[in-house]
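In what follows, a single structure is set out as structure tokens and then discussed.
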Amino acid sequence: MTMDEQPLIDVRVQAEPFDVAAEAKRLSAGSDVGAVVTFTGICRSDGGRLNGLELEHYPGMAENEITRVAEEAARRWPISGAIAIHRYGTIAAGEDIVLVVTASAHRGAAFAAAEFLMDWLKTRAPFWKREIFADGTAGPWVEAKAADDDAAGRWNLDKAAE
Amino acid sequence: MTMDEQPLIDVRVQAEPFDVAAEAKRLSAGSDVGAVVTFTGICRSDGGRLNGLELEHYPGMAENEITRVAEEAARRWPISGAIAIHRYGTIAAGEDIVLVVTASAHRGAAFAAAEFLMDWLKTRAPFWKREIFADGTAGPWVEAKAADDDAAGRWNLDKAAE
Amino acid sequence: MKLLYFAWIRERVGQAEEDIDPPAAVRTVGDLVAWLRGRGEEFEYAFGNETVVRAAIDRTHVQLDTPIEGAREIAFFPPMTGG
Amino acid sequence: MKLLYFAWIRERVGQAEEDIDPPAAVRTVGDLVAWLRGRGEEFEYAFGNETVVRAAIDRTHVQLDTPIEGAREIAFFPPMTGG
Chain A
1027 MTMDEQPLID VRVQAEPFDV AAEAKRLSAG SDVGAVVTFT GICRSDGGRL
1077 NGLELEHYPG MAENEITRVA EEAARRWPIS GAIAIHRYGT IAAGEDIVLV
1127 VTASAHRGAA FAAAEFLMDW LKTRAPFWKR EIFADGTAGP WVEAKAADDD
1177 AAGRWNLDKA AE
Chain B
1027 MTMDEQPLID VRVQAEPFDV AAEAKRLSAG SDVGAVVTFT GICRSDGGRL
1077 NGLELEHYPG MAENEITRVA EEAARRWPIS GAIAIHRYGT IAAGEDIVLV
1127 VTASAHRGAA FAAAEFLMDW LKTRAPFWKR EIFADGTAGP WVEAKAADDD
1177 AAGRWNLDKA AE
Chain C
332 MKLLYFAWIR ERVGQAEEDI DPPAAVRTVG DLVAWLRGRG EEFEYAFGNE
382 TVVRAAIDRT HVQLDTPIEG AREIAFFPPM TGG
Chain D
332 MKLLYFAWIR ERVGQAEEDI DPPAAVRTVG DLVAWLRGRG EEFEYAFGNE
382 TVVRAAIDRT HVQLDTPIEG AREIAFFPPM TGG
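Residue numbers (the numbering used here), protein chains in the order written: chain A, 1027 to 1188; chain B, 1027 to 1188; chain C, 332 to 414; chain D, 332 to 414.
What follows is the structure, encoded as structure tokens:
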């Protein structure tokens, strides 16, 4: 696609797993795509301590907010496309949780847009994680990290997203 | 894997295409991998102007230099693995040229290591691109861009890699 | 006006959603939190630390001083931990 | 000592590699470039703009003032354009 065309933006919030390769392929088409970046967030067992995570979300708002920031990414960088998929429900350790794919003519824009999307997701998209212990019992809700707020802060995010 | 284990580092220089999903999967295993970043560089047709590219390289030195910077990335960030594959020979428009995959417990290290590797590849790995026009005739050698030197410069690369 | 509760706020309140009709003096999100805290122990437990609670009106993030007039759906939740 | 040429330097020189035995006064990479330029038009054409030419000794990047003593393989090439 050329820069004049509208970037492809696709945001999904779903319980089902996603196919990283298939999503990346969708953004690789087009004669001027030179760079595709994928970020996959994976559920860690934390050294065997956890069975996985339970992810609660706010239906409707989750899609709205992620779409908003994906559109903001497309305004800030010359990307040809951005896909963001976030799962909810029970996620076993080793399974994928979140996917961001960005594409551009050049690598700088693709990397920056992907990082921007992830930083934002962590601190602004209405999802909440709860640990599930190795014995299957429910653990504590995960606490938000100051490091994530710092990462989001470097993009002047509040001005952009509100 | 835990932080004490050696990161998996794999560098390949090859004529054959690569499988992004398979390489990403190799780095996704391990109980403490929470973030996998892939970067795929794709041959652009530049709006139909090009059939593709011819990529010349310096066998032996190409592998050595990319391995050196992958090891440097592993010293700078707590990554559990880094894979870099660079193709040579005739590459048609739309085909993949280069792949970088990084994995870490957290996204910041995975993103930074992937960008570091790509910035370095562009300016230091001994590869040279020549354009192939749409009619199949050989075009000019691609000139190095000052923007790539700037991108590499932000990592204090010369000190690191030499 | 519909209220939604998420994560540990939902658990402390003991319900995921409810319809309410607060008095006219409740003008802002902060007023609403104060009014909710007066409704019983479970609300005091959920909203006892106001600085941790986040809110959205009609699916858009808002602050404690945001007016609630015209809101159809107000949600309360802890800091987000997605991604 | 083996010399390798890549990309447009290879094309201008007209060969990909050769074995050479430069005089003892040729001590650095820069000396070697100057000596090569004296070997004919094709070398003058390839190395006429020294600031653009990059060099490696035994597969490691070097500068023009790097000594060549002990080198087995010296490569000359334009700025790299991989990635």
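We treat Cβ as the ideally placed atom computed from N, Cα and C, and that holds for glycine.
DSSP beta-bridge partners of residue i
{"i": "A:W1154", "result": "A:E1082"}
{"i": "D:A398", "result": "It is worth fixing the name first, because residue 398 of chain D is Pro in this sequence and not Ala. For D:P398, which the question treats as bridged, DSSP gives the partners D:T359."}
{"i": "B:Y1114", "result": "For B:Y1114, which the question treats as bridged, DSSP gives no partner whatsoever."}
{"i": "C:Y376", "result": "For C:Y376, which the question treats as bridged, DSSP gives no partner whatsoever."}
{"i": "B:S1130", "result": "B:A1061, B:I1105"}
{"i": "C:G414", "result": "Partner(s): none; C:G414 has no beta bridge."}
{"i": "B:V1039", "result": "B:H1112"}
{"i": "D:R385", "result": "D:F408"}
{"i": "D:L334", "result": "D:E349, D:I405"}
{"i": "B:W1181", "result": "Looking at the DSSP assignment, B:W1181 forms no beta bridge with any residue, so it has no partner."}
{"i": "A:G1067", "result": "A:V1124, B:A1061"}
{"i": "C:T391", "result": "C:I388"}
{"i": "A:D1159", "result": "First, the residue type needs correcting, since residue 1159 of chain A is Phe and not Asp in the sequence shown. DSSP output for A:F1159 lists A:L1076 as bridge partner(s)."}
{"i": "B:F1146", "result": "Strictly speaking, residue 1146 of chain B in this sequence is Trp, with Phe absent from that position. BP columns for B:W1146 are empty, so no partner."}
{"i": "B:W1167", "result": "B:R1156"}
{"i": "A:L1034", "result": "A:G1107"}
Integer Cβ distance of residue i from residue j, believed to fall under 8 Å
{"i": "B:K1124", "j": "B:H1112", "result": "The question names Lys, but residue 1124 of chain B in the sequence shown is Val. Confirmed, about 5 Å."}
{"i": "A:A1061", "j": "B:F1044", "result": "Incorrect: roughly 16 Å between the Cβ atoms, too far for contact."}
{"i": "B:T1088", "j": "B:F1153", "result": "A small fix is needed here, since residue 1088 of chain B is Ala in this sequence, not Thr. Right, the Cβ-Cβ distance comes to about 6 Å (below 8 Å), so this counts as a contact."}
{"i": "A:C1069", "j": "A:A1118", "result": "7 Å"}
{"i": "A:V1059", "j": "A:A1110", "result": "Not quite, the Cβ-Cβ distance comes to about 18 Å (not below 8 Å), so this is no contact."}
{"i": "B:L1143", "j": "B:A1099", "result": "6 Å"}
{"i": "D:P344", "j": "D:E373", "result": "A small correction: the amino acid at residue 344 of chain D is Val; Pro does not occupy that position in the sequence shown. The Cβ separation is near 6 Å, so the contact holds."}
{"i": "A:P1033", "j": "A:A1108", "result": "7 Å"}
{"i": "B:L984", "j": "B:E1157", "result": "In the structure as shown, chain B begins at 1027 and stops at 1188. Residue 984 of chain B is therefore absent and cannot be evaluated."}
{"i": "A:Y1114", "j": "A:V1039", "result": "6 Å"}
{"i": "C:W366", "j": "C:V360", "result": "Rounded, the Cβ-Cβ distance is 11 Å, inconsistent with contact."}
{"i": "B:A1131", "j": "D:G413", "result": "Contact doesn't hold; Cβ gap of about 30 Å is too wide."}
{"i": "A:S1057", "j": "B:G1073", "result": "6 Å"}
{"i": "B:I1148", "j": "B:D1174", "result": "Here the sequence assigns Lys to residue 1148 of chain B, which means Ile is not the residue at that position. So it is a contact: roughly 4 Å between Cβ atoms."}
{"i": "A:E1091", "j": "A:I1035", "result": "So it is not a contact: roughly 13 Å between Cβ atoms."}
{"i": "B:V1127", "j": "B:E1049", "result": "5 Å"}
{"i": "B:T1116", "j": "B:V1037", "result": "So it is not a contact: roughly 22 Å between Cβ atoms."}
{"i": "D:E342", "j": "D:V364", "result": "Not confirmed; about 17 Å, so no contact."}
Handout entry: Interface positions of the stretch 1066-1087 of chain B facing chain D (Cβ-Cβ less than 8 Å), listed along the chain
Key = G1067, L1081, E1082, H1083, Y1084, G1086, M1087
Problem - Against chain D: residues of the stretch 1147-1159 of chain B by CB proximity under 9 Å - result: L1147, K1148, T1149, R1150, A1151, P1152, F1153, W1154, K1155, R1156
Exercise for the section: With 7 Å as the C-beta to C-beta threshold (strictly closer), list the residues of the stretch 1053-1065 of chain B near chain A in chain order. Expected result: S1054, S1057, D1058, V1059, G1060, A1061, V1062, V1063, T1064, F1065
Handout entry: Contact residues within the stretch 1096-1108 of chain A, judged by C-beta distance below 9 Å to chain B
Key = none
Handout entry: the stretch 1130-1137 of chain B / the stretch 386-394 of chain C touching (three or more Cβ pairs under 8 Å)
Key = no
Problem - Positions along the stretch 1169-1181 of chain B whose CB lies within less than 9 Å of some CB in chain D - result: E1169, A1170, K1171, D1174, D1175
Practice task
Inspect the CB distances between the stretch 341-358 of chain D and the stretch 1163-1172 of chain A and report whether three or more fall short of 8 Å.
Solution key: no
Problem - Where the stretch 1109-1142 of chain B meets chain D: residues whose CB sits under 7 Å from a CB there - result: H1112, V1124
Handout entry: Stretch-stretch touch, CB-based, cutoff 8 Å, three pairs: the stretch 380-390 of chain D with the stretch 400-410 of chain D
Key = yes
Handout entry: Residues of the stretch 397-410 of chain C with Cβ closer than 7 Å to any Cβ of chain A, in chain order
Key = A406, F408, P409, P410
Handout entry: Near-chain A residues of the stretch 336-357 of chain C - C-beta to any C-beta below 7 Å
Key = F337, A338, W339
Exercise for the section: May I ask you to list, following chain order, the residues of the stretch 1027-1052 of chain A that have a beta carbon less than 8 Å from some beta carbon of chain B? Expected result: T1028, V1046, A1047, A1050
Practice task
Identify each residue in the stretch 370-390 of chain C for which the Cβ-Cβ distance to at least one residue of chain A is less than 8 Å, and report them in chain order.
Solution key: A387, R390
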